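> Last residue of the sequence shown: 254 in full-length UniProt numbering, with the numbers rising by one and none dropped. Beta carbons: idealized from backbone N, C-alpha and C, even for Gly. Keep in mind it's a predicted model, so treat the numbers as computed, not measured.
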Amino acid sequence: IAIPNAVPYSATKGAIIQLTRNLALDLGSFNIRVNCISPGSIDSPGRDEFAKMNNMTIEQMNDMCIQGSCLKRIGQAEDIANLIVFMISDLCQFMTGTNLVVDGGNWNDLLANKVVFLTGAAGSVARYIARACYAHGARLVLGDLDLEKTNKVKDEILENENNNEDRILVVELDVTNETSIQQAVQASLDKWKTIDVLLNTAATYVLGNVEQVSDENWSRVFDVNVRGYALMAKYIAPIFKKQNSGSIVNMGSI
């Protein structure tokens, strides 16, 4: 959906859904699944900015979202994480090109030994996705530009799970830079020998109406939110093709 005072952000999220469908068509014959999830109102730091941009308090925004929800609550990052675990598990091996709205779920140990590559891993929602995947047995590649924050995510996961297993690799990653992507992918292969899942969650926010947004900001938000997702697929899809399996989930928005 269109979001007031967030023209570039809304445009990129719509583009992600179409990119997902095109990638699904392009990669389906290689048994590579590409899907998208589109969270609604999720309890995350970005909601404060949207509330301010629309001259609302966070309490007013929460009330509006709750009134418009069948479940009468604000979505949590764990809701997204649980859905992603389901989508990248073998239970969804016959689903591709789909855009799903998050409504929560609960499953057990679905990702044993799968290598999950997560972009934007230092993000507030991504950290819950990483935690959920790890809890279900996945080996994680956490990619982000901010290595300090990403290593904190790793430490939080190990502390939360009371586990010191060597199942998390942190890599520096700029999704707008092909050399950075190639290096991160190679580091993953050096460590795990393969990649089974790509979760594209890296995102940047540029707020403002169409008259306020500069050409530079349009380029920046599309470079990260759309082009970055396509570039990640460009370098990981060949791995999936070679092993005749793989799953890609892109983070969109409704």
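So what does DSSP say about Ile227, is it helix, strand or coil?
Walking along the sequence shown from the start, residue 227 turns up at place 227. What sits at residue 227 in the sequence shown is Arg, not Ile. The answer is helix: DSSP assigns Arg227 an H, G or I state.
> Check each candidate in Asp166, Ala130, Lys13, Asn162 and name the one with the smallest Cα separation from Thr150.
Residue numbering aside, residue 150 sits at position 150 when the sequence shown is read from its first letter. That would be Ala130, whose Cα lies nearest to the Cα of Thr150.
> I think Tyr9 touches Tyr205, with their Cβ atoms under 8 Å apart; what is that distance to the nearest whole Å?
Reading the sequence shown from its first residue, position 9 is the one you call residue 9. Reading the sequence shown from its first residue, position 205 is the one you call residue 205. Their Cβ separation, rounded to whole angstroms, is 6 Å, which keeps Tyr9 and Tyr205 in contact under 8 Å.
> DSSP three-state call for Leu142: helix, strand or coil?
Here residue 142 corresponds to residue number 142 of the sequence shown, with the count starting at 1. Looking at Leu142 - three-state DSSP - the assignment turns out to be strand.
> Check whether the segment 61 to 71 and the segment 118 to 129 are in contact - that is, three or more C-beta pairs closer than 8 Å.
Too few Cβ pairs lie closer than 8 Å, so no.
> Note down the Cα distance separating Leu231 from Thr176, rounded to an integer number of angstroms.
Along the sequence shown, read from residue 1 onward, the residue named residue 231 stands at position 231. Along the sequence shown, read from residue 1 onward, the residue named residue 176 stands at position 176. For Leu231 and Thr176, the distance between alpha carbons rounds to 8 Å.
> Give me the Cα-Cα distance between Ala237 and Asn244, rounded to the nearest whole angstrom.
Indexing the sequence shown from 1 puts residue 237 at position 237. Indexing the sequence shown from 1 puts residue 244 at position 244. Near 10 Å, if we compare the C-alpha coordinates of Asn244 and Ala237.
> May I have a chain-ordered list of the beta strand (DSSP E) segments no shorter than 3 residues that lie completely inside the segment 31 to 109?
With a minimum length of 3 residues, the continuous beta strand (DSSP E) runs that stay inside the segment 31 to 109 are 32 to 37.
> Taking Val125 as the reference, give the member of Glu148, Leu111, Leu147, Val153 with the closest Cα.
Here residue 125 refers to the residue found at position 125 of the sequence shown. Of the listed residues, the one whose Cα sits closest to Val125 is Val153.
> Please classify Ala112 as buried or exposed, where buried requires at least 16 neighbouring CB atoms within 10 angstroms.
For the purposes of this step, residue 112 is taken as the residue at position 112 of the sequence shown. Ala112 is exposed by the Cβ-count criterion.
> To the nearest angstrom, how far is it from the Cα of Cys92 to the Cα of Gly40?
Taking the first residue of the sequence shown as 1, we reach residue 92 at position 92. Taking the first residue of the sequence shown as 1, we reach residue 40 at position 40. In a straight line, the C-alpha of Cys92 is about 22 Å away from that of Gly40.
> With 16 as the cutoff for other CB atoms within 10 Å, does Asn163 come out buried or exposed?
In the sequence shown, counting from the first residue as 1, residue 163 sits at position 163. So Asn163 counts as exposed.
> Taking the alpha helix (DSSP H) that Glu252 falls in, what are its first and last residues?
Against the sequence shown, residue 252 aligns to sequence position 252. The question names Glu, but residue 252 is Gly in the sequence shown. Counting along the chain, Gly252 falls outside any alpha helix (DSSP H), and DSSP gives it neither H nor E.
> With Tyr134 and Ile168 assumed to form a contact (beta carbons below 8 Å), what rounded beta-carbon distance in angstroms separates them?
Position 134 of the sequence shown, counted from the start, is the residue given in the question as residue 134. Position 168 of the sequence shown, counted from the start, is the residue given in the question as residue 168. Contact flag correct, Cβ pair sits at about 7 Å.
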